[in-house]
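Please read the structure below before turning to the comments.
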Amino acid sequence: MSDKTINVAMIGQGFMGRTHSNAWGQVNRFFDPPIKPVMHTVFGQPAENPEAYAAKWGWQHASTDWESLVKSPEIGLVDIVTPNFMHAPPAKAAIAAGKVCTCEKPIAGTLDDARAMAEASIQNNVKSFVWFIYRRCPAVAYAHQMVKAGELGDILHIRASYLQDWGVPETPLTWRFIRELTGSGAHGDLNAHIVDMTRFVAGVEVDEVCGAIEQTFVKKRKKLTAMVSQENVIGGTQGAEEYGDVTVDDTVLFLTKFNNGAVGSYEATRLGAGNKNRNYFEINGTKGSLKFCFERMNELEYYDRRRPSGVQGWTTILATHGADHPYIRNWWPDGHLIGYEHTFVNMAYDVLKTIAGEEPTIPLATFNDAYQTQRILEAALICAREKRFVKLDEVR
Ligand code: SOE
């Protein structure tokens, strides 16, 4: 049992602030990390009442001054959960101060910011990670291990979609619809996840984007009339009469070729009526296939072409067996299932193991890894806007 600790400062609040606060608070209970996180300080704007947030979510202190906080000698790890435009400034400051830095996805709203964050981490030799937490669904982590063990053979097809439906016209003009604050819409928010997840599971890299569509269905939205929890304002605000322009996509679809000759298709939308958080992939190889859908996150569908032809069929693997499926032994007995919030705790454990010089349960997405994902997202936007194929080599 280690007694080493690291003081954590969280920059931001909101929806991701809740998942990260829960993760830093729970990881010592369900895992035995070699370094234990101390929930030291949470930063929030004065209007967000960070003192109350700190008291509710178990942070020892609150701050309205992130620039001093990230440089404080008391802080060892800076965790960024602010909107995308506010990822790079605290990340670069934290890295310059030698702090371990973790950041919500996408790594940044723009490729320039993503590159700067990755370069800063490499040049300062500072550990940095992005919370691509779907890798840490046990079913997805196990899929990664199966592909790595050769169970699918050579990868031929990657088919992924991430469909949500909260982007209805009644949803007001939150930061997620404003280019200066978010970079892109469903593309950076949702395609980022499925690009990272499929690169991680399939172990192949995009070589070229060969077709893309970028579309905004809802061109104007009601402006927010008061500081409300922007994450939770679904269905509109009462009395807001002024409208503002939406300056990002509601959906982006694109086609890819991979460095091993495989081909892929990606689709993200916020207007897929009936799909609440349908983060889905299917990967076809020469020996079989895997399918995953987050709305049934404890299950992994497997098709093995090596079975006798008379009994070939899709097998539903319930990825809750502690001896086989990553992280489960730290949670519950077989079949008791885990949820969205557990993946963040799994990630906090792997970050702490890595800081201590141990191997993570499965690979973590570093800032540089997340920058590669951002390059693919950028290539898709160039392809859609210039109506041409785009080689990844030309996107830096
Ligand atoms: C979008 O609504 C969102 O909150 C994403 O930003 C998260 O990354 C995803 O995990 C859930 O949906």
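Okay, so the sequence shown: first residue is -13 according to the numbering used here, each after it adds one. Glycine included, every Cβ here is placed at the ideal spot set by N, Cα and C.
Exposure label - residue i; buried when at least 16 CB within 10 Å
i: W10; result: buried
i: E227; result: exposed
i: G136; result: exposed
i: S7; result: buried
i: M54; result: Per the sequence shown, residue 54 should be read as Ser rather than Met. With fewer than 16 other Cβ atoms within 10 Å, it is exposed.
i: Q298; result: exposed
i: N177; result: buried
i: T5; result: buried
i: W117; result: buried
i: K42; result: exposed
i: P19; result: buried
i: T301; result: exposed
i: M2; result: buried
i: A342; result: exposed
i: R382; result: exposed
i: T157; result: buried
Opposing strand residues paired with residue i [DSSP bridges]
i: H47; result: T27
i: T302; result: E287
i: Y148; result: A254, N265
i: V64; result: A(-5), C87
i: A198; result: F240
i: K429; result: The question about residue 429 has no answer, for the chain in this structure spans -13 to 382.
i: C279; result: Y266
i: G274; result: D290
i: R425; result: Here the chain comprises residues numbered -13 to 382, so residue 425 is not present and cannot be evaluated.
i: T352; result: F115
i: E141; result: It is Ile, not Glu, that sits at residue 141 in the sequence shown. According to DSSP, I141 bridges with G271.
i: K22; result: T(-9)
Within 8 Å, strictly: CB atoms of residue i and residue j
i: T352; j: S114; result: yes
i: I393; j: V64; result: Shown here, the chain extends from -13 to 382; a query on residue 393 therefore has no answer.
i: P312; j: P124; result: yes
i: T359; j: D182; result: yes
i: F240; j: G197; result: yes
i: N270; j: L323; result: no
i: R165; j: T233; result: yes
i: V204; j: G153; result: yes
i: Y39; j: Q12; result: no
i: V28; j: W45; result: yes
i: A426; j: F278; result: Absent from the model: residue 426. The displayed extent of the chain is -13 to 382, so no value can be given.
i: Y357; j: A104; result: yes
i: L149; j: N261; result: yes
i: P23; j: I(-8); result: yes
i: N386; j: I141; result: Outside the shown range of the chain (-13 to 382) lies residue 386, about which nothing can therefore be said.
i: G30; j: A48; result: yes
i: T306; j: G325; result: no
i: F375; j: V195; result: yes
i: D151; j: A259; result: yes
Whole-angstrom C-beta distance between residue j and residue i, which should lie under 8 Å
i: V249; j: H143; result: 6 Å
i: C209; j: L276; result: As written in the sequence, residue 209 is Lys, which differs from the Cys given in the question. 44 Å between Cβ atoms; not a contact.
i: A106; j: K85; result: Going by Cβ atoms, the distance from A106 to K85 rounds to 11 Å, so no, they are not a contact pair.
i: V190; j: A366; result: About 17 Å; that fails the 8 Å criterion.
i: R361; j: L378; result: 6 Å
i: I21; j: L338; result: 5 Å
i: I348; j: R121; result: 6 Å
Is it a yes or a no for the region 34 to 44 touching the region 320 to 335, going by three-plus beta-carbon pairs under 8 Å? no
Evaluate the contact criterion for the region 85 to 97 versus the region 64 to 75: three or more CB pairs, one atom per stretch, below 8 Å. yes
Using 8 Å as the cut-off, can you tell me whether the region 139 to 154 makes contact with the region 251 to 258, which would need three or more C-beta pairs spanning the two stretches below that distance? yes
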